[in-house]
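Structure first, commentary second.
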Amino acid sequence: FMCGRDYFLKRKRKIFVFKNTHAEHKWTGPFFFIQAADPQLGLMKAWRDGDCDGGGEEWAEEVELTKQAVEAINQLRPRPRFMVLCGDLVHAMPGTPFREGQEKDLKAALKGTDPSIPLVFVSGNHDLGNTPTPSTVEQYCREWGDDYFSFWVGGVLCLVLNSQLFFDASACPELREAQEAWLEAQLSREPKPKHILIFQHIPLYLKSPDEEDDYFNLQRTVRQNLLDRFKKAGVKAVFSGHYHRNAGGCHGGLDMVVSSAIGCQLGEDTHGVRVVVVTADNVIHRYYSLEQLRARGLDEDLKKLLQA
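My numbering applies: residue 582 is where the sequence shown begins, and numbers increase by one.
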């Protein structure tokens, strides 16, 4: 990997490693990665109890599911180039009870990931607060790394965004302005990468770009601004979580991918992760339940794409 904002390069003893090499700017052939979302330790019991505003005092179920995800991913052959967790790492909001314990136990579960598979973390609303502040963003960065950054893998430029700054930056407008300036520079890179992929927590939309504003999507004015900029820059796909169900769509050549959760399910989907295969021309993705991935690995048609 080559990582932007070189924050990761200065941190030691983390459970992920980025290698600073320009070789990753070059396309070297098809590869795949794992996109996951919302382990959200503590939500499952809170949801059953009807107290989602609480921190969730039990999270053994989510720890076990995270371990199952790690086990399934570790046995994949070939290896994924990385795994990205698209936000809501834990349920307890900043400054609330159980937060420290949930973060500690999630890190312990993720440490089982094979060292050859870097972990990429994306901030969610529960990680930063629904209205983030400079303090909550700093706390997140201290525990998990930068809230927005870029990295290269196999000729593909990947942008990790802090979607909470799009949703409500009223308590930290200067942080939103900084991300906006940085994002514009990233989208204007020359020469153009083979593909540009974006990872954030809140989806641009769930089904259609013109749908009504909702807790689970970005506001229409913000959404349209980002869609226009992403399409102009040639972004291939935006990956998100937050909805705890699979959703999304493809409009104007831009794929909006909404993946369900490792943890609590709010719909009919199963606990799972998404396999994403990147070829010279396309980005193909498929959601697997944890049991499916563990039992059979990648489907044969995806394996053939990787051999092309």
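Don't be surprised by glycine CBs; every beta carbon is placed ideally from N, CA and C.
Check: DSSP three-state assignment for M625, whether helix, strand or coil; Outcome: helix
Check: C-beta atoms of Q745 and S704 nearer than 8 Å; Outcome: yes
Check: Ranges of the alpha helix (DSSP H) found wholly within the region 793-869, counting only runs of at least 4; Outcome: 801-814
Check: Reference E761; option with closest CA among V665, G735, L740; Outcome: L740
Check: Simplified DSSP state of L887, which is helix, strand or coil; Outcome: helix
Check: G585 versus F730: straight-line alpha-carbon distance, rounded; Outcome: For G585, the predicted model reports a pLDDT of 49, less than 50, meaning its position is unreliable and no value from the coordinates is stated.
Check: M583 - DSSP class collapsed to helix/strand/coil; Outcome: Bear in mind that the predicted position of M583 carries a pLDDT of just 42, short of 50, making it too unreliable to give a figure here.
Check: Segments assigned alpha helix (DSSP H), at least 4 residues, entirely inside the region 727-806; Outcome: 745-748, 754-768
Check: Cβ shell of K773 (< 7 Å), same chain only, five flanking positions each side left out; Outcome: G815
Check: Three-pair Cβ contact test at 8 Å for the region 655-672 versus the region 615-622; Outcome: yes
Check: Paired residues, beta bridge with L700 - DSSP; Outcome: M664
Check: DSSP state of A604 mapped onto helix, strand, coil; Outcome: helix
Check: Beta-carbon spacing of V859, P661 below 8 Å; Outcome: no
Check: Reference M837; option with closest CA among H866, E645, D794; Outcome: H866
Check: At least three beta-carbon pairs within less than 8 Å, the region 697-712 to the region 773-783; Outcome: yes
Check: L847 to H825 span [Cα, whole Å]; Outcome: 5 Å
Check: Contact between the region 652-660 and the region 706-715 (3+ Cβ pairs under 8 Å); Outcome: no
Check: Within 8 Å, strictly: CB atoms of L799 and F732; Outcome: no
Check: C-alpha gap between N827 and A818, whole angstroms; Outcome: 15 Å
Check: Other residues of its chain near A690: CB distance less than 6 Å, five sequence neighbours each side excluded; Outcome: V644, T647, K648
Check: Residue(s) in a DSSP beta bridge with Q683; Outcome: Its beta-bridge partners do not exist; DSSP assigns none.
Check: Which of helix, strand or coil DSSP assigns to A673; Outcome: coil
Check: In DSSP terms, what A618 is bridged to; Outcome: Answer by DSSP bridge pairing: none, since A618 is not bridged.
Check: Member of D809, I615, G635, G735 whose CA lies at the smallest distance from the CA of T609; Outcome: G735
Check: Contact belief for Q720 with P675 at Cβ below 8 Å, rounded distance in angstroms; Outcome: 6 Å
Check: Spatial distance of W763 from F811 (CA atoms); Outcome: 14 Å
Check: Assumed close pair V857, Y869 - CB separation to whole angstroms, cut-off 8 Å; Outcome: Not really, about 11 Å apart at Cβ, beyond 8 Å.
Check: Rounded distance between the beta-carbons of N711 and D749, thought under 8 Å; Outcome: 6 Å
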